[in-house]
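Note that the working numbering gives residue 919 to position 33 of the sequence shown, counting from 1, and the numbers run on in steps of one.
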Amino acid sequence: MNQKQEKRRRLNARIDHIEAFALWLAQEPPMWRVVSWHRWKRRRPRFKEG
């Protein structure tokens, strides 16, 4: 794969991760709901490159 395409693919992966992370943060339940808060925290998106 040429370098320009590879760079674009990595950039798009980074942007997708940032969007997923922002969506995840917006869904944070109140901390007094301990069980649902821990479930939410476990669903944190992980960055997968490639």
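We put the CB at the ideal spot given by N, CA and C, even for glycine.
Rounded C-alpha distance that separates residue i from residue j
{"i": "A899", "j": "N888", "result": "17 Å"}
{"i": "E993", "j": "R928", "result": "Absent from the structure is residue 993, since the part of the chain shown begins at 887 and ends at 936."}
{"i": "K893", "j": "E935", "result": "12 Å"}
{"i": "I901", "j": "K890", "result": "17 Å"}
{"i": "H903", "j": "M917", "result": "24 Å"}
Pair within 8 Å by beta-carbon distance, residue i and residue j
{"i": "P915", "j": "S922", "result": "yes"}
Own chain, CB closer than 7 Å to residue i, minus 5 neighbours either side, in chain order
{"i": "Q913", "result": "W926"}
{"i": "R896", "result": "E935"}
Residue i, DSSP secondary structure in three states
{"i": "R932", "result": "coil"}
{"i": "E914", "result": "coil"}
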